[in-house]
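Counting in our numbering, the sequence shown tops out at residue 579, every number present.
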Amino acid sequence: MTGLNKTKLIIPTVSVGNIPQLTADLILANDSNYIILKDDNIIDPDLLKFTYPFVSSDDNEFIRSLEIYENKVNNTYLLQQRSPIIKGFEINFYSLLVKRIKQTLPQINEIIIIDSLSGSDPYIDLIKSEKVSNLYELINDQRISVGHLNSKIDAKAFENFREALDNEINSLAEKEKIEHKYDDINFEFKEVLPKADQTVIQFDGSSFQNKIFVDSLLTKLVSTFVEITTNINYFNMVSYEGDNSLDAVIFIKFLTSLKIVKPTENIKIPKSWESVYGFKHLKESIDESLYT
Numbered sequence: 288m289t290g291l292n293k294t295k296l297i298i299p300t301v302s303v304g305n306i307p308q309l310t311a312d313l314i315l316a317n318d319s320n321y322i323i324l325k326d327d328n329i330i331d332p333d334l335l336k337f338t339y340p341f342v343s344s345d346d347n348e349f350i351r352s353l354e355i356y357e358n359k360v361n362n363t364y365l366l367q368q369r370s371p372i373i374k375g376f377e378i379n380f381y382s383l384l385v386k387r388i389k390q391t392l393p394q395i396n397e398i399i400i401i402d403s404l405s406g407s408d409p410y411i412d413l414i415k416s417e418k419v420s421n422l423y424e425l426i427n428d429q430r431i432s433v434g435h436l437n438s439k440i441d442a443k444a445f446e447n448f449r450e451a452l453d454n455e456i457n458s459l460a461e462k463e464k465i466e467h468k469y470d471d472i473n474f475e476f477k478e479v480l481p482k483a484d485q486t487v488i489q490f491d492g493s494s495f496q497n498k499i500f501v502d503s504l505l506t507k508l509v510s511t512f513v514e515i516t517t518n519i520n521y522f523n524m525v526s527y528e529g530d531n532s533l534d535a536v537i538f539i540k541f542l543t544s545l546k547i548v549k550p551t552e553n554i555k556i557p558k559s560w561e562s563v564y565g566f567k568h569l570k571e572s573i574d575e576s577l578y579t
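Shown next as structure tokens:
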């Protein structure tokens, strides 16, 4: 899926179970070639103002809510985001980030998005593939859907896409109102389902999903990064309650199998995980990790 001459940017979203962030932690902990870029031309105060405040430290070093790492060995950059974007400012955030990247890292020509989705999402059936009858039956990397940006989609198409979406949302706000009948204490509620799309991201036939939600963080991310490249790959894990660090282990092994990250025989846990997750060493299965 990734070429030898590609310069990749890995973007973990802030999503369910923090699985993308945990996966990024594992990537950084298991490949010493990643070096943090202390370049304020990329991550500056104007960009950070669109995220929630975050203060932390590791080994007496200040950790920002947003950091970018460079791996010169395999031409890869990794964006680690530890704080969510303030709702309503996603497009502002990604547009400014894209502007900074185009100015400072113009060599990037492939985007890899790591995402996660709750298996208990009430609307998940709207994007689920008809080939999958029960999401709870999926194991290991079967829970990771694989997709790529439709090559026919460009920045102009996304501009029209967003305009149509705004018009539809405004129209629904006027038409689909909750009607209250207080005289007989009955309430009539007409639910407005989220809109799904299967043209922006094209999924592999084995993926658990074949659509995405139109008004999602992914759509906003992709619609801005398409200005850099249309070579955008998407990996989304369906998650359930439990220790999500185990999901991250599955994710990094999957990315390793695609040669996106460095092969690692024995996965090391980051220092930041100590005393946070309930194990000292990562195991091959959930049973091992829970009961040994």
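Virtual Cβ for every residue (Gly too), placed ideally from N, Cα, C.
Taking its Cβ as the centre, do 16 or more other Cβ atoms sit within 10 Å of residue i, making it buried, or is it exposed?
{"i": "G304", "result": "buried"}
{"i": "D312", "result": "buried"}
{"i": "I537", "result": "buried"}
{"i": "L480", "result": "exposed"}
{"i": "Y410", "result": "exposed"}
{"i": "D331", "result": "exposed"}
{"i": "V360", "result": "exposed"}
{"i": "D327", "result": "exposed"}
{"i": "S302", "result": "buried"}
{"i": "K558", "result": "exposed"}
{"i": "N347", "result": "Confidence at N347 is low in this model, with a pLDDT of 46, below 50, so its placement is unreliable and the value that follows should be read with caution. Counting Cβ neighbours within 10 Å, N347 comes out exposed, since fewer than 16 surround it."}
{"i": "D333", "result": "exposed"}
Rounded to whole angstroms, what's the CA-CA distance from residue i to residue j? Just pull it up for me.
{"i": "V513", "j": "D502", "result": "17 Å"}
{"i": "I465", "j": "I395", "result": "Residue placement at I465 is flagged as unreliable, the pLDDT there being 47, under the threshold of 50; the coordinate-derived value follows with that caveat. Each residue's Cα considered, the two are about 47 Å apart."}
{"i": "G492", "j": "R351", "result": "39 Å"}
{"i": "L315", "j": "Y321", "result": "6 Å"}
{"i": "Q367", "j": "Q308", "result": "7 Å"}
{"i": "D402", "j": "T486", "result": "18 Å"}
{"i": "N379", "j": "T511", "result": "9 Å"}
{"i": "I431", "j": "N421", "result": "14 Å"}
Out of the options, which has the shortest C-alpha to C-alpha gap to residue i?
{"i": "E436", "options": "D412, K374, F490", "result": "Rather than Glu, the amino acid found at residue 436 in this sequence is Leu. The shortest C-alpha separation from L436 is found at F490."}
{"i": "L413", "options": "D484, E528, S494", "result": "D484"}
{"i": "I323", "options": "I499, E357, S302", "result": "E357"}
{"i": "V385", "options": "E450, Q429, I515", "result": "I515"}
Below 8 Å between beta carbons: does that hold for residue i and residue j?
{"i": "I329", "j": "I297", "result": "no"}
{"i": "V433", "j": "F522", "result": "yes"}
{"i": "D441", "j": "T517", "result": "yes"}
{"i": "L404", "j": "S526", "result": "yes"}
{"i": "N520", "j": "I399", "result": "yes"}
{"i": "K293", "j": "Y364", "result": "no"}
{"i": "K549", "j": "N362", "result": "no"}
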